[in-house]
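There are 4 protein chains.
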Amino acid sequence: MTMSYEQAVAALIEAGRRLDARGWAPATSGNYSARLDDGSVALTVSGRHKGRLTGDGIMRVDLDGRPLTAGKPSAETDLHLALYRLFPEAGAVLHGHSPQAVGLSRATEADGITLAGHEMLKAYPGHTTHAAEVRLPIVDNSQDMAVIEAAIRPALLVPGAIPAYLIRSHGLYAWGKDVDEAERVLEATEWMIAAELAEASFRRAWTR
Amino acid sequence: MTMSYEQAVAALIEAGRRLDARGWAPATSGNYSARLDDGSVALTVSGRHKGRLTGDGIMRVDLDGRPLTAGKPSAETDLHLALYRLFPEAGAVLHGHSPQAVGLSRATEADGITLAGHEMLKAYPGHTTHAAEVRLPIVDNSQDMAVIEAAIRPALLVPGAIPAYLIRSHGLYAWGKDVDEAERVLEATEWMIAAELAEASFRRAWTR
Amino acid sequence: MTMSYEQAVAALIEAGRRLDARGWAPATSGNYSARLDDGSVALTVSGRHKGRLTGDGIMRVDLDGRPLTAGKPSAETDLHLALYRLFPEAGAVLHGHSPQAVGLSRATEADGITLAGHEMLKAYPGHTTHAAEVRLPIVDNSQDMAVIEAAIRPALLVPGAIPAYLIRSHGLYAWGKDVDEAERVLEATEWMIAAELAEASFRRAWTR
Amino acid sequence: MTMSYEQAVAALIEAGRRLDARGWAPATSGNYSARLDDGSVALTVSGRHKGRLTGDGIMRVDLDGRPLTAGKPSAETDLHLALYRLFPEAGAVLHGHSPQAVGLSRATEADGITLAGHEMLKAYPGHTTHAAEVRLPIVDNSQDMAVIEAAIRPALLVPGAIPAYLIRSHGLYAWGKDVDEAERVLEATEWMIAAELAEASFRRAWTR
Chain P
1 MTMSYEQAVA
11 ALIEAGRRLD
21 ARGWAPATSG
31 NYSARLDDGS
41 VALTVSGRHK
51 GRLTGDGIMR
61 VDLDGRPLTA
71 GKPSAETDLH
81 LALYRLFPEA
91 GAVLHGHSPQ
101 AVGLSRATEA
111 DGITLAGHEM
121 LKAYPGHTTH
131 AAEVRLPIVD
141 NSQDMAVIEA
151 AIRPALLVPG
161 AIPAYLIRSH
171 GLYAWGKDVD
181 EAERVLEATE
191 WMIAAELAEA
201 SFRRAWTR
Chain R
209 MTMSYEQAVA
219 ALIEAGRRLD
229 ARGWAPATSG
239 NYSARLDDGS
249 VALTVSGRHK
259 GRLTGDGIMR
269 VDLDGRPLTA
279 GKPSAETDLH
289 LALYRLFPEA
299 GAVLHGHSPQ
309 AVGLSRATEA
319 DGITLAGHEM
329 LKAYPGHTTH
339 AAEVRLPIVD
349 NSQDMAVIEA
359 AIRPALLVPG
369 AIPAYLIRSH
379 GLYAWGKDVD
389 EAERVLEATE
399 WMIAAELAEA
409 SFRRAWTR
Chain U
417 MTMSYEQAVA
427 ALIEAGRRLD
437 ARGWAPATSG
447 NYSARLDDGS
457 VALTVSGRHK
467 GRLTGDGIMR
477 VDLDGRPLTA
487 GKPSAETDLH
497 LALYRLFPEA
507 GAVLHGHSPQ
517 AVGLSRATEA
527 DGITLAGHEM
537 LKAYPGHTTH
547 AAEVRLPIVD
557 NSQDMAVIEA
567 AIRPALLVPG
577 AIPAYLIRSH
587 GLYAWGKDVD
597 EAERVLEATE
607 WMIAAELAEA
617 SFRRAWTR
Chain W
625 MTMSYEQAVA
635 ALIEAGRRLD
645 ARGWAPATSG
655 NYSARLDDGS
665 VALTVSGRHK
675 GRLTGDGIMR
685 VDLDGRPLTA
695 GKPSAETDLH
705 LALYRLFPEA
715 GAVLHGHSPQ
725 AVGLSRATEA
735 DGITLAGHEM
745 LKAYPGHTTH
755 AAEVRLPIVD
765 NSQDMAVIEA
775 AIRPALLVPG
785 AIPAYLIRSH
795 GLYAWGKDVD
805 EAERVLEATE
815 WMIAAELAEA
825 SFRRAWTR
């Protein structure tokens, strides 16, 4: 499911435009990547607004993070590459920032939240019923990517783990076999967090 | 009020674009259909993002669900077809997913909620005054469409029933004589749920 | 500040598109009008979606509501015309529906709410400071326009009255010398209601 | 990082369109400026909707506020010019109005709020870690710009001060070396306020 550099550039530009339209790409936050035919990775460069990316906002690195084209890769490149190394089937990684997901991560000190009973769980690859519960892992933030990566890795390898995790006070990582699937996982996870918030608001109102 | 396949394709693509812009079509959720001139049904295929449908994202089935063109029909095809069989005047069915409606459905174990006193009630066909109340039925979710269909059917046949119902933890079904009317019912129902949530928030704030 | 029929049609179509994009024109709700050069009024016809109006969605009536062109005028035509008769300087009337404004109107039985201290008050014509308070009148809904009109009229004639009022469980009326000014009044009023809701949410959170 | 008048006009029109799309430019609120090559300032004129600016909605003034082209400068011109005089590196100033930021400012009588632990803090120039806290100053509103300017100035000169402040019941000022950086600061600040509101909502729900 890998793609050419040209396909990756077009797909990541479009994904950025859509994430920004949903309010998930403020300032220059976020970074997006896709695995290419030759095993290298196309990745957003640092410091660009993801809602209005152009071709020069995307560069190529190898799986060890060495630049193959000009540009300064995103500070979080290592988190993308760790996912590609860990999951050979991963073809794209998207990292977005919604106020809801980050607000949720700050409201708890737990290492994750449970999402249960949602039909939307079926958006996760391999999930075929709402009658299930999954764990969205939450890992503490760090400016050292190796620290985040080591802390989150065990949760990603648990059987039945979903292809997403949340960095506390920071944002959501989601991945999939291609950009469409990664965006599907991201949208579904954000949507369930918004639905949980609406549920809580109705519960509070009805139990006054 | 039926339409040609070409008209249905155009109308369903546009409806998907609008529902997605309102945040009601995350991931690949949702499925939309329209009854055609020849008695068959145009229906979204499984697994496409409804905000960016193209013509090949829509197929034809007969009223028993047998494919008349290539493609895998949506898993919820049977719920659409049950509505067309039950209501000869139904020309289109839309199924959307807002965080508000799903949050509401999860905050209660009741088999419905009452919407009362809204001017917006007049968006439902045959309703001519705000001085009324209607029941929006809520049915438990299932991966067996026949179970959902059997459970919801009585509520749909109650005199004065509105052309909409909510599947718990899942989403809203709405229908009408054509795509425009189905979308009107969907928008009005979602809007009233949002207004009820805003009302609850103001009430809580004012009674602190 | 009156305009030609062609100018009015273009301005009302654009206003509808913008109000719908903000979520204030669900289903076929809303009706918009503008006073024309010849003293007649251009007005949206009944039953169209205001987010995608076309020229045939707008008709002309005289100040007594007699159709001057083909079409069924909006059910609320009389409320528009009453404003034009009452306020000779009024050149346009917009009627929108936000969940926030309607939620607010349902959370209170009062005949209005006070908006105080907002810089946004300066959006109302003739208001030059935030250090003021205004009354947004709320009138009970009715299917008899004459009942609404008689009930709200005294509040509109109070010295310092703002060019807006809210019909309970229904929506907001706003007017101005032209479509731009009416839209300015509508946006400012909706924005202040949203700000009051956000204020209440922060207060609740901080006083837990 | 200064720019030509033509570049400034294009950049300010685009910024207005984007701020309005996010709901931060209701009615005719907001004013935007950019420092030009020749030391003068391009600035939005008074009374225009910032979501649909055209070239004639922008004029030039010198650093003392004297008009260099036709037009009535925004009432808040002096706040823009004070920032350019205080911070030689400032190349653009944006002033937006979100319901969230204004709601927050009305919910407290404090002279600021603390933003702590957000990855988004790195959107502020010179900030390189989330493990920090910054103060967003809040100043009382006034119709006398000199009063606001004198009251806020000390907070702006505190070491580590962020390039943003909030006027109570009014809106947010943000600045940067160019329009992109000013918009980045504005988006990041608004986003963190929205995240704090979501956090508070989840906390309330979970501690019922």
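Residue numbers (my numbering), protein chains in the order written: chain P, 1 to 208; chain R, 209 to 416; chain U, 417 to 624; chain W, 625 to 832.
Don't be surprised by glycine CBs; every beta carbon is placed ideally from N, CA and C.
Under the 8 Å criterion on CB atoms, residue 29 of chain P is classed as interfacial with respect to chain W.
In the DSSP assignment, residue 704 of chain W falls within the alpha helix (DSSP H) that extends over 701 to 710.
Secondary structure of residue 524 of chain U (DSSP, three-state): coil.
Per the coordinates, the alpha-carbon of residue 215 of chain R lies some 10 Å from the alpha-carbon of residue 221 of chain R. Neighbours of residue 793 of chain W in chain U, taken as residues whose beta carbon is under 7 Å from its own, are 533, 534, 535, 546 in chain order. Residue W:711 holds the alpha-carbon nearest to the alpha-carbon of residue 785 of chain W among W:689, W:697, W:711. The Cβ neighbour count for residue 679 of chain W, taken over all protein chains shown within 10 Å, is under 16; the residue is labelled exposed. Listed along the chain, the chain U residues whose CB falls inside 7 Å of the CB of residue 726 of chain W are 611.
Residues of the segment 345 to 367 of chain R that bring their beta carbon within less than 8 Å of a beta carbon in chain P comprise 349, 351, in sequence order. When beta bridges are read from the DSSP output, residue 531 of chain U appears opposite U:550. Within the same chain, 476, 477, 478, 479, 484 come within 8 Å of residue 456 of chain U by CB-CB distance, once the 5 residues on both sides are set aside. Judged by DSSP in its simplified three-state form, residue 574 of chain U adopts coil rather than helix or strand. DSSP places residue 201 of chain P in the helix class (H, G or I) of the three-state scheme. Burial check for residue 109 of chain P: the Cβ neighbour count within 10 Å stays below 16, so the residue is exposed. Rounded to whole angstroms, the Cβ separation of residue 588 of chain U and residue 580 of chain U is 6 Å, and the two are in contact under 8 Å.
Judged by DSSP in its simplified three-state form, residue 421 of chain U adopts helix.
By a beta-carbon distance limit of 8 Å, residue 42 of chain P does not contact residue 178 of chain P. Their separation comes to about 12 Å.
In this structure, the alpha-carbon of residue 490 of chain U lies about 11 Å from that of residue 497 of chain U.
Note on geometry: alpha-carbon atoms of residue 672 of chain W and residue 774 of chain W lie some 28 Å from one another. The beta strand (DSSP E) runs lying completely inside the segment 372 to 398 of chain R and spanning 3 residues or more are 372 to 375, 379 to 384, given in chain order. Between the segment 114 to 130 of chain P and the segment 181 to 191 of chain P, the count of C-beta pairs closer than 8 Å reaches three or more; the two stretches touch. Non-local beta-carbon contacts of residue 445 of chain U in its own chain, meaning distances under 6 Å to residues more than five positions away in sequence, involve 513 in chain order. Short of 6 Å from the beta carbon of residue 378 of chain R, and not among the five residues preceding or following it, lie these beta carbons of its own chain, in chain order: 349. At least one CB atom of chain P sits nearer than 8 Å to the CB of residue 408 of chain R. For residue 231 of chain R, no beta strand (DSSP E) encloses it, and the DSSP letter there is neither H nor E. In this structure, residue 200 of chain P sits near residue 829 of chain W, with a CB-CB distance shorter than 8 Å. Annotation for residue 42 of chain P: the continuous beta strand (DSSP E) segment containing it runs 41 to 44. C-alpha of residue 646 of chain W to C-alpha of residue 90 of chain P: approximately 33 Å in a straight line.
Under the three-state reduction of DSSP output, residue 96 of chain P falls in the strand class.
Residue 443 of chain U and residue 392 of chain R do touch by the CB rule: their CB atoms are close to 4 Å apart, below 8 Å. Distance from the CA of residue 326 of chain R to the CA of residue 313 of chain R, rounded to the nearest whole angstrom, comes to 20 Å.
Take residue 614 of chain U, set aside five residues on each side of it, and no residue of its chain has a beta-carbon closer than 6 Å to its own. For residue 383 of chain R, the closest Cβ of chain U is not nearer than 8 Å. Contact of residue 440 of chain U with chain W is not assigned, every C-beta pair being separated by 8 Å or more. Among the CB atoms of chain W, one or more fall inside 8 Å of the CB of residue 619 of chain U.
Excluding the 5 residues flanking it on each side, residue 153 of chain P has same chain C-beta neighbours closer than 8 Å at 82, 86, in chain order.
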